[in-house]
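First up is the structure itself, then whatever we jot down about it.
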Amino acid sequence: MAYEKLAAEIVEAIGGAANIDSLVHCATRLRFKLVNMSAAKRELLQENPAVIAVVESGGQFQVVIGNHVGDVFSAIQSFLQHGGTTTTEHKETTKATKDEKQGILSTFIDIVSGIFTPLLGIMAASGILKGLLALGVATQVLTTSSGTYQIFNAASDALFFFFPVALGYTSGVKFGGNPYVTMAIGGALVHPSMIAAFHAQQLPDAAGIEFLGIPVTFMNYASSVMPIIFAAFVSCKLEKFFKKYMPSAVTNLFTPLLCIMITTPLTFLLIGPAATWVSHLLASGFEFIYSASPMIAGVVIGAFWQVFVIFGLHWGFVPIMINNLSVLGADTIGPLCLAAVLAQAGAALGVFLRARDPKTRALASSAFTTGLFGITEPAIYGVTLPRKRPFIFGCIGGALGGGIIGLYQTKVFSFALPSILAFPQYIPSTGVDASVWAAIVGSVVGIVIAATLTFFFGEPREEKVVAPAPAPAVK
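Residues are numbered in the working numbering as their position in the sequence shown, beginning at 1, plus a constant of 4.
Structural data, given as structure tokens:
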């Protein structure tokens, strides 16, 4: 299917090419940051049969497309590169409109989604591969000493070990600087000599090293998240400052040079230790809250996770999940989301079983299938939310399933999108235990409860219409 026409229609509806400040996409959504939100024609987009829904959240204008969002994204990029323009409304937008301040929450979500969205697919793929390796070891199909395991383990672990490099690039793009400069700074954090210095510092009677007479406290920045994001922010601010005051004849050479020379040592001396302290504080704070009652945490996350997804608030949890994996070696938020995601798929299944209209059944069956693999937007916006009750029943199923998963304190050991593919990622190094089975049982409970309630109570009963009595004949 060609998406050129759809791309042109979307660009037209959001106010034209010049109204696009930036564009990224995740698993199902095009995430626009617009110069002028009021120039977008939301109703026109919602009437487009190829658009599932339109959501304004976190300072972004989000167009929910579905599984083929990557193709539509490419078509829009091609359309824009070839000078595609449509309406003239966008020409009247002003810089003041573009610079309108957002709320703190909207700014935070916009930054987080902009940094992590480009990496979401490869993060999930790497996590699934790590889960399959864990399953292979647990079933004794593989051993950790085999060459097959070591090669696949390197492939699955590479992104996370060199995370500062990848996040350096996406952070540089998001903060409006040179992404290759911030990527180089991220590379310095995980350079072999720096990793070796960290390990040497752990030895008894180890001699520390200094930078211009200042003692350096080395930390292991492999797989870290916070330090490079803060470092990239500082680097991009410095870059803008230097470009403003440096002669144009030398700025292309000396601006990157000065950014690297200043930010890299500043990161090792100040930014890195401070960000690492924040990371540990964040992980410890979450652990404290979670340990108070894992079951209640599961019920709350299971009940409201899809509500967070609708408003884009779920992005606020992504850094915490990744930070938990980096600091604690495991995360407990991801498993609690699993029942919520699969329960919405179960609600779509309930609609499929109850419906008689062939079009509704086809839509619901497709939404159920994609929901099992973690893509719930077609189920939410196309099936459950418009009918209200199925969405609520999905939240109820998610709460009950999440409570079971929380009760057994299931953990995930690599980044995972909540789906049926995530189960191997819950397997600890000691092998399959009760927490893994709790994830499976909680997921099944979420699906069954949501599907059953939707099947029996998903649609309001139609009231019988009593025909009015015929008027007496006039003689």
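Just so you know, even glycine gets a beta-carbon here, dropped at the ideal spot from N, CA and C.
These figures come from a predicted structure and were not determined experimentally.
In the three-state reduction of the DSSP assignment, Arg35 falls in the strand class, which pools E and B. For His195, the number of other beta carbons within 10 angstroms of its own is below 16, and it is reported as exposed. Apart from sequence neighbours up to five positions away, the residues of its chain that approach Lys178 with a beta-carbon distance below 7 Å are Ile115, Gly118, Ile119, ordered along the chain.
Look at the segment 181-212 and you find these whole runs of alpha helix (DSSP H), each 4 residues long or longer: 183-193, 196-205. Glu51 sits in coil when the DSSP states are folded into three classes, being neither helix nor strand. Residue environment for Glu47: exposed (fewer than 16 other C-beta atoms within 10 angstroms of its C-beta).
By the Cβ rule, the segment 405-414 counts as touching the segment 301-312, because three or more pairs are nearer than 8 Å.
Collapsing the DSSP output to three states places Ser149 in coil. A distance of 9 Å or more separates the beta carbons of Thr336 and Gln429. Each residue's CA atom was taken as its position, placing Phe459 and Ile396 some 13 Å apart.
Distance from the CA atom of Thr174 to the CA atom of Met187, rounded to whole angstroms, is 8 Å. Ranking Leu340, His318, Ala57, Met325 by CA distance to the CA of Ala334 puts Met325 first. Thr267 sits buried, since 16 or more C-beta atoms from the chains shown fall within 10 Å of its C-beta. As computed with DSSP, Ala57 is found in a beta bridge with Val68.
Contact between Ala279 and Met230 is confirmed by a C-beta separation of about 4 Å, below the 8 Å threshold.
Between the segment 350-360 and the segment 12-27 there are fewer than three C-beta pairs closer than 8 Å, too few to call the two in contact. When DSSP states are grouped into helix, strand and coil, Ser26 belongs to the strand group. For Ala403, the closest C-alpha among the options Ala420, Ala347, Gly375 is that of Ala347.
Distances from the alpha-carbon of Leu425 to those of Ser130, Ile69, Ile232 put Ser130 closest.
Fewer than three pairs of CB atoms, one per stretch, sit closer than 8 Å, so the segment 239-254 makes no contact with the segment 280-299. Here Asp437 carries a coil assignment [DSSP, helix/strand/coil].
For Leu216, there is no enclosing alpha helix (DSSP H), as DSSP marks it with neither H nor E. Judged by DSSP secondary structure, Ala11 falls within the alpha helix (DSSP H) whose first and last residues are 8-17.
Counting only residues of its own chain and dropping the five nearest sequence neighbours on each side, Val59 has a CB closer than 6 Å to the CB of Gln66.
Between Ala349 and Ala383 the beta-carbon gap is near 6 Å, inside 8 Å, which marks them as a contact. Residue pairing of Val445 in beta bridges, as defined by DSSP: absent, with no partner found. Comparing alpha-carbon positions, the option among Leu216, Gly435, Leu421, Ala192 lying closest to Thr121 turns out to be Leu421. With contacts defined by Cβ atoms closer than 9 Å, Lys134 and Phe321 do not form a contacting pair. A distance below 7 Å between beta-carbons, with the five flanking residues on each side excluded, links Asn182 to the following residues of its chain, in chain order: Gly176, Glu243, Pro260. A Cβ-Cβ distance of about 25 Å is found for the pair Ile132 and Leu317, leaving them out of contact under the 8 Å criterion. Non-local C-beta neighbours of Leu49 in its own chain, meaning closer than 6 Å and more than five positions away in sequence, comprise Ala17, Val55, Val58, ordered along the chain. Annotation: Arg391 to Phe315 spans about 18 Å, alpha carbon to alpha carbon. The C-alpha of Arg360 lies about 11 Å from the C-alpha of Ala368.
Between the alpha carbons of His86 and Val387 lies a gap of roughly 36 Å.
The Cβ neighbour count for Pro219, taken over all protein chains shown within 10 Å, is under 16; the residue is labelled exposed. Counting the other CB atoms within 10 Å of its CB gives Trp281 a total below 16, which places it among the exposed residues.
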